[in-house]
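Okay, so the sequence shown: first residue is 5 according to this note's numbering, each after it adds one.
All residues carry an ideal CB built from backbone N, CA and C; glycine is no exception.
For reference, the structure discussed in these notes is given below.
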Amino acid sequence: MKEIVEAKFKEIFGTEGRFKTYFAPGRVNLIGEHTDYNGGHVFPCALTMGTYATVREREDKILNFYSINFDELGILSSSIENLTYNENENWINYPKGVIWALKSEGYNIDHGFDIVFYGTIPNGAGLSSSASLEVLTGFILNDMFKLNIDNTKIALIGQKAENQYVGVNCGIMDQFVIANGKKDNAVFLDTATLKYQYAPIKLENAKIVIINTNKKRGLGDSKYNVRRAECEKALEELQQAGLKIKSLGELTEEEFEENKSAIKDEIRQKRAKHAVYENQRTIKAVKALEDNNLKLFGELMVESHNSLRDDYEVTGIELDTAVEEALKQKGVIGARMTGAGFGGCAVSIVETDKVENFIKNVEKGYREKIGYNPDFYVVEIGDGPRTL
Ligand code: GLA
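Structure (structure tokens):
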């Protein structure tokens, strides 16, 4: 991949001068969905798939962006002096947003650069191609301008760009795990405190298989922000009824059941129920893994999907079909939607010797019901961002 992106860089921007190549991963969340903006826990891992970039510093203020994934758009130019969000500028709003976020916190970004990106994560499929692009940009700028910030700060800068520049009120999960990912480990993160632990994923006889429904979604136009607002309102109602909590993630299932009548709307009650139960499920799932109980981990994945389908209502026919078909197969340990939902990907754990049949059968079942094929990725858990 390094060769591909460097060759393209030379073709587009010439061979002179010094350039450097970097990588940041994509991510898949194993369990803990829509908990990260509710002060709950998440359990994602970084992937070996991700985003590559080759970059060369410029002496002037110009920014020249090129993406191999969007060849047809050619070079998109901007300037570090004009970083306003521009809807028509497409994907470059992500790296521009990161420069904007760094500058907004007083970091000195005083010259431009030429950059070529190449992503091996499918776009808009729920494997965090945009967070990967944000963290990669932050990582590069940290190196280029000697900003001396750690990877968690890079993640927070990426989230700020996404929230305040792109306008999606995402939580911290994606940027955090991409920035702090570790090979063969998932990250058990408490989003209320940003304390985290690595948990080894030792799947001796099983693989993580991602099913891409090929139903595209964009977070901006999905109901993501609506769900977040529903949870905030439910929290407010609980607080007004006297509960001394800062987030839904502080509640146990029992505490929620005792107090839920304070939430005056049935739909909001379901949303809050998901946030509370999913957080507790995530804690149980990590414990199950520690106890080497992969079967229980898989069952909790399925419960997670059902809650996202029935209470949080973010799945849809494509994700439900992918998971239903997955669960019919021999050797499947667990399956659920992953990421924001509304399309995108499902994640499953499948016994290694059954993977081939699993893919064949799920593809057939999905196509018969949905009318087109899903894609499959048998993935490995990889490290966080790095210089190549
Ligand atoms: C998206 C957001 C994350 C998280 C998930 C749902 O991936 O970027 O912050 O909220 O959805 O768990």
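DSSP-derived helix/strand/coil call for residue i
{"i": "MET177", "result": "helix"}
{"i": "GLY335", "result": "coil"}
{"i": "THR319", "result": "coil"}
{"i": "HIS115", "result": "coil"}
{"i": "TYR169", "result": "helix"}
{"i": "GLY128", "result": "coil"}
{"i": "ILE144", "result": "helix"}
{"i": "GLY185", "result": "coil"}
{"i": "ARG285", "result": "helix"}
{"i": "ASP154", "result": "coil"}
{"i": "PRO99", "result": "helix"}
{"i": "HIS38", "result": "coil"}
{"i": "LEU252", "result": "helix"}
{"i": "ARG390", "result": "strand"}
{"i": "ASP357", "result": "helix"}
{"i": "ILE374", "result": "helix"}
{"i": "MET305", "result": "helix"}
{"i": "LEU87", "result": "coil"}
{"i": "THR325", "result": "helix"}
{"i": "ILE205", "result": "coil"}
{"i": "ASN94", "result": "helix"}
Same chain, Cβ closer than 7 Å to residue i, five either side skipped, listed in chain order
{"i": "ASP188", "result": "PRO204, ILE205, ILE385"}
{"i": "GLU322", "result": "THR217, LYS219, GLY347, ILE374"}
{"i": "LEU140", "result": "TYR26, ALA28, THR55, ALA57, PRO389"}
{"i": "GLU63", "result": "HIS115"}
{"i": "ALA129", "result": "ASN216, GLY348, CYS349"}
{"i": "LEU304", "result": "ILE35, ARG285, LYS288, ALA289, ALA292"}
{"i": "ILE161", "result": "VAL102, ALA105, LEU106, GLY142"}
{"i": "LEU67", "result": "SER81, SER82, SER83, ILE84, GLY116, PHE117"}
Of the listed residues the options, nearest to residue i (C-alpha basis)
{"i": "LEU242", "options": "ASN33, ALA276, TYR169", "result": "ALA276"}
{"i": "GLY142", "options": "SER71, GLU166, GLY338", "result": "GLU166"}
{"i": "LEU151", "options": "LEU106, VAL120, VAL383, LEU140", "result": "LEU106"}
{"i": "GLN405", "options": "CYS49, ILE125, GLY246, TRP104", "result": "Coverage of the chain is limited to positions 5 through 392, which leaves residue 405 absent and any answer about it impossible."}
{"i": "PHE192", "options": "LEU247, GLY44, PHE260, LEU51", "result": "GLY44"}
{"i": "GLY123", "options": "ILE267, LEU51, GLN244", "result": "LEU51"}
{"i": "ASN297", "options": "GLU282, LYS268, GLY338", "result": "GLY338"}
{"i": "VAL366", "options": "ARG31, PHE180, VAL213", "result": "VAL213"}
{"i": "LYS199", "options": "SER251, THR156, ASP314", "result": "THR156"}
{"i": "ASP194", "options": "GLU270, ASP295, TYR41, TYR89", "result": "TYR41"}
{"i": "ARG231", "options": "GLY78, SER71, ASP315", "result": "ASP315"}
{"i": "ASP269", "options": "ASP295, LYS14, GLU234", "result": "GLU234"}
{"i": "TYR89", "options": "ILE103, ILE182, GLU76", "result": "ILE103"}
{"i": "THR197", "options": "ALA210, LYS250, ASN146", "result": "LYS250"}
{"i": "HIS342", "options": "LEU67, GLY110, LEU131, LYS332", "result": "It is Thr, not His, that sits at residue 342 in the sequence shown. Taking only the C-alpha atoms, the option nearest THR342 is LEU131."}
{"i": "ILE144", "options": "PRO126, ASP118, LYS164, GLN168", "result": "ASP118"}
{"i": "ILE153", "options": "ASN112, ILE35, GLY18, SER308", "result": "ASN112"}
{"i": "PHE23", "options": "LYS14, ARG60, VAL46, PHE13", "result": "ARG60"}
Residues of its chain near residue i, where Cβ-Cβ distance is below 8 Å and the 5 sequence neighbours each way are ignored
{"i": "GLY320", "result": "LYS219, GLY345, PHE346, GLY347"}
{"i": "THR256", "result": "VAL280, GLN284"}
{"i": "GLN273", "result": "ALA238, LYS264, ILE267"}
{"i": "HIS278", "result": "HIS38, SER311, LEU312, ASP315, TYR316"}
6 Å CB neighbourhood of residue i in its chain, flanking five on each side removed
{"i": "GLU85", "result": "LYS65"}
{"i": "LYS334", "result": "LYS358"}
{"i": "PHE301", "result": "ALA289, ALA292, LEU293"}
{"i": "PHE260", "result": "VAL280"}
{"i": "LEU391", "result": "Note on identity: in this sequence residue 391 is Thr, with Leu being the wrong assignment. Excluding positions up to five away in sequence, the list reads TYR26."}
{"i": "VAL181", "result": "ARG31, PRO48, ALA50, VAL191"}
{"i": "TYR98", "result": "SER134, LEU137, GLU138"}
{"i": "ALA443", "result": "As displayed, the chain neither begins before 5 nor continues past 392, which places residue 443 out of reach and without an answer."}
Residue i: CB within 7 Å of a non-hydrogen atom of the ligand GTP
{"i": "VAL32", "result": "This structure lacks the ligand GTP; the ligands present are the ligand GLA."}
Chain B contact for residue i (CB, 8 Å cutoff)
{"i": "VAL32", "result": "Absent from the structure is chain B; it holds one protein chain and no more."}
Discussion item. Please output, in chain order, the residues near the ligand GLA using a CB cut-off of less than 5 Å to any non-hydrogen atom of the ligand.
Written reply: GLU37, HIS38, ASP40, CYS174, GLY175, MET177, ASP178, GLY343, ALA344
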